[in-house]
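Protein chains in written order, with the numbering used here: chain A, 1 to 247; chain B, 1 to 369. C-beta: ideal position from N, C-alpha, C; glycine also. Each remark here refers to the structure printed beneath this line.
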């Protein structure tokens with residue numbers, strides 16, 4: 001499984017948002033996409049899962065142009081955990097996770113088993129009959145992740161999966177995704193977390209990808225100053241680690 | 001001991017499904033019985049009383065002469081037979097069709113715009129259909145190029161839905177709040193438009209007829225009016241049931257649906273045409289009946305949850321029974337005068353709507369969208 005973006009440009013309402021982005025995610029890689037607010041990260045991600053059609057460039061997953069694949073086929077290759085909170089209709093956790101089977105035909109016998117395992121994997125095996133809307137922010141993200149797992153894709157896209165979560169749940173989600181070993185492209189806000197969890201990073205600014213590579217090479221004080229307009233200082237600071245026995 | 005064979009939820013899988021499935025089937029069975037029972041009652045009740053066994057006999061005798069009645073011993077008068085067969089039965093069947101249709105449309109629209117307060121009225125579809133129908137009724141079919149009542153109502157509902165859809169779109173995204181606001185605005189526009197046509201119409205009598213019909217009435221039901229709504233409803237419900245997964249995905253959100261492999265633009269277009277068609281056909285036969293499409297899907301969700309595989313059939317059956325009783329009430333409460341159906345549905349609908357507004361989850365839904 002390989003995600004490959006070549007010269008992708010996206011415009012919204014005639015405004016160019018992303019300019020000629022090149023980006024690659026290889027099998028099993030956890031790649032981060034960082035940059036200031038409004039730099040076009042989410043827009044680029046949306047063009048990969050077909051919510052937007054790029055004005056120019058080519059996006060391929062496993063060698064096939066995703067915008068030429070039938071919708072169903074594309075959804076069997078790429079799953080998304082986006083920011084949108086699903087539904088004001090009271091779906092249960094089980095029903096939300098079952099939605100992950102939408103790209104597949106009919107109600108196969110294995111579906112139930114698959115969804116059960118996905119929920120188990122995110123540590124919510126007992127929550128099937130709970131109403132999604134009543135869950136905490138961390139639980140909701142985990143259910144959405146379970147839905148993405150039920151989709152059985154080999155590429156996972158995450159759009160700020162840890163926003164609105166407290167520090168413990170942020171770490172939990174990121175660890176979970178890391179352990180999955182699926183090719184992952186994640187838009188992340190927190191540079192420290194991006195550095196800690198990602199194999200490689202792409203940095204976007206004003207619609208362009210301005211740097212890429214391993215975190216330690218990319219996140220230099222110079223680049224951060226140039227992109228975010230802040231001075232990065234190394235200081236002794238608290239480092240948060242997940243307790244092993246938790247969950 | 002059955003306890004020994006019972007497994008923990010983690011072992012049995014995601015849902016204690018067997019229990020839920022049998023509960024669902026039981027509910028469907030109960031509703032199906034209610035559909036038959038309420039229809040039987042509707043055929044029997046009225047100015048000319050026909051006892052229940054006789055009403056059964058008349059219908060059975062017509063359907064299968066001599067088979068279902070004991071040797072064909074007729075215990076009813078020709079007048080009773082005419083009233084039951086020519087007037088009450090088609091009316092009762094139309095009530096079932098209209099109730100089921102409006103409820104299914106409501107359920108679909110609520111998923112489509114992700115707003116629990118959506119219904120054909122709120123989005124201006126019914127007003128558009130009414131406008132088309134009023135044009136035909138007042139100006140006559142010839143003035144509109146020979147358009148039939150159903151076709152005009154369908155054209156009106158499709159026009160209003162297309163307008164609402166266009167107005168609500170921005171940056172290629174559909175905003176639920178804009179959709180609802182555009183719908184409300186257009187509903188007023190179409191109401192103003194048909195009020196204008198009504199005022200222009202010189203015949204006060206025709207205007208009064210139209211006005212009554214606009215508030216919903218099944219009084220004109222005849223056999224020949226049944227096939228079209230029946231076929232459209234059956235085809236629509238079949239299609240929707242086959243599409244329950246995309247429908248669920250769409251209810252969860254546009255982007256979610258896209259990421260789950262739903263061709264959202266095409267699917268939404270199909271749903272728009274389908275709902276317009278249903279509303280057009282139903283409004284053409286029975287006028288605009290308020291609140292059914294709002295109340296019934298909610299009741300269905302309270303019973304079976306949000307999954308459309310369950311919501312759609314339960315909504316259809318529940319809506320059919322509901323409108324049957326509403327029509328019985330409309331005929332009997334103020335007899336021999338008939339009440340407009342919207343007056344009766346408002347009696348249930350308004351308190352329900354207010355209760356819905358007071359629920360926390362809806363507060364959240366409205367503020368979020």
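Assuming residue i and residue j form a contact by the criterion Cβ under 8 angstroms, report the distance between their Cβ atoms to the nearest whole angstrom.
i, j, result
"residue 248 of chain B", "residue 99 of chain A", "6 angstroms"
"residue 118 of chain B", "residue 315 of chain B", "Not quite, the Cβ-Cβ distance comes to about 14 angstroms (not below 8 angstroms), so this is no contact."
"residue 226 of chain B", "residue 35 of chain B", "Wrong, their Cβ atoms sit about 15 angstroms apart, outside the cutoff."
"residue 158 of chain B", "residue 250 of chain B", "In fact, because the Cβ distance is near 20 angstroms, the residues do not count as touching under 8 angstroms."
"residue 122 of chain B", "residue 183 of chain B", "6 angstroms"
"residue 277 of chain B", "residue 232 of chain B", "6 angstroms"
"residue 293 of chain B", "residue 116 of chain B", "That belief does not hold up - the Cβ atoms of residue 293 of chain B and residue 116 of chain B are roughly 12 angstroms apart, past 8 angstroms."
"residue 83 of chain A", "residue 160 of chain A", "6 angstroms"
I'd like to check one pair, residue j with residue i: are the Cβ atoms closer than 8 angstroms?
i, j, result
"residue 167 of chain A", "residue 22 of chain A", "no"
"residue 105 of chain B", "residue 279 of chain B", "yes"
"residue 326 of chain B", "residue 344 of chain B", "yes"
"residue 213 of chain B", "residue 287 of chain B", "yes"
"residue 305 of chain B", "residue 95 of chain A", "yes"
"residue 165 of chain A", "residue 197 of chain A", "no"
"residue 224 of chain A", "residue 230 of chain A", "yes"
"residue 241 of chain B", "residue 309 of chain B", "yes"
"residue 295 of chain B", "residue 352 of chain B", "yes"
"residue 200 of chain A", "residue 29 of chain A", "yes"
"residue 5 of chain A", "residue 43 of chain A", "no"
"residue 36 of chain A", "residue 47 of chain A", "no"
"residue 194 of chain A", "residue 149 of chain A", "no"
"residue 178 of chain B", "residue 162 of chain B", "no"
"residue 79 of chain B", "residue 135 of chain B", "no"
"residue 89 of chain A", "residue 208 of chain B", "no"
"residue 313 of chain B", "residue 58 of chain B", "no"
"residue 44 of chain B", "residue 55 of chain B", "yes"
"residue 162 of chain A", "residue 130 of chain A", "no"
"residue 105 of chain A", "residue 258 of chain B", "no"
Grab me the residues of residue i's own chain with a C-beta within less than 6 angstroms of its C-beta, minus the 5 sequence neighbours each way, in chain order.
i, result
"residue 153 of chain B", "129, 132, 133, 280, 283, 284"
"residue 240 of chain A", "167"
"residue 76 of chain A", "103"
"residue 307 of chain B", "none"
"residue 169 of chain A", "138"
"residue 32 of chain A", "186, 188, 194, 198, 201"
"residue 3 of chain B", "Because the pLDDT at residue 3 of chain B is just 40, under 50, the model does not fix this residue reliably, and the value given afterwards should be weighed accordingly. Answer for residue 3 of chain B: no residue qualifies."
Closer than 7 angstroms by C-beta to residue i: which residues in its own chain qualify, once you throw out the five before and the five after it? Chain order, please.
i, result
"residue 160 of chain B", "124, 125, 127, 128, 186, 190"
"residue 324 of chain B", "38, 39, 42, 92, 95, 96, 99"
"residue 260 of chain B", "249"
"residue 191 of chain A", "34, 219"
For residue i and residue j, I'd like the C-alpha separation in whole angstroms.
i, j, result
"residue 215 of chain A", "residue 268 of chain B", "43 angstroms"
"residue 18 of chain A", "residue 227 of chain A", "15 angstroms"
"residue 2 of chain A", "residue 24 of chain B", "44 angstroms"
"residue 217 of chain B", "residue 211 of chain B", "10 angstroms"
"residue 138 of chain B", "residue 342 of chain B", "22 angstroms"
"residue 80 of chain A", "residue 170 of chain B", "23 angstroms"
"residue 78 of chain A", "residue 109 of chain A", "23 angstroms"
"residue 46 of chain B", "residue 221 of chain B", "15 angstroms"
"residue 181 of chain B", "residue 114 of chain B", "14 angstroms"
"residue 212 of chain A", "residue 65 of chain A", "23 angstroms"
"residue 237 of chain B", "residue 39 of chain A", "45 angstroms"
"residue 255 of chain B", "residue 97 of chain A", "16 angstroms"
"residue 348 of chain B", "residue 26 of chain B", "26 angstroms"
"residue 73 of chain A", "residue 27 of chain A", "19 angstroms"
"residue 271 of chain B", "residue 242 of chain A", "47 angstroms"
"residue 89 of chain B", "residue 194 of chain B", "32 angstroms"
"residue 222 of chain A", "residue 41 of chain A", "21 angstroms"
"residue 346 of chain B", "residue 266 of chain B", "35 angstroms"
"residue 51 of chain B", "residue 71 of chain A", "58 angstroms"
"residue 150 of chain B", "residue 223 of chain B", "16 angstroms"
Skipping 5 residues on each side, what residues in its chain have a beta carbon closer than 8 angstroms to that of residue i?
i, result
"residue 20 of chain A", "7, 8, 9, 56, 57, 208"
"residue 49 of chain B", "none"
"residue 115 of chain A", "94, 97, 98, 100, 101, 146, 150"
Please confirm whether any heavy atom of the ligand NAP lies closer than 7 angstroms to the CB of residue i.
i, result
"residue 207 of chain B", "For the structure depicted, the ligand NAP is absent and the ligand set is empty, with no information on it obtainable."
At least one CB of chain E closer than 8 angstroms to the CB of residue i: is that the case?
i, result
"residue 86 of chain B", "Absent from the structure is chain E; the protein chains it does hold are A and B."
message: With three or more beta-carbon pairs closer than 8 angstroms as the criterion, would you say the segment 288 to 299 of chain B touches the segment 73 to 86 of chain B?
response: no
message: Pairs of beta-carbons, one from the segment 317 to 336 of chain B and one from the segment 106 to 123 of chain A, closer than 8 angstroms: are there three or more?
response: no
- prompt: Is the segment 174 to 189 of chain A touching the segment 149 to 161 of chain A, taking contact as three or more C-beta pairs under 8 angstroms?
  reply: yes
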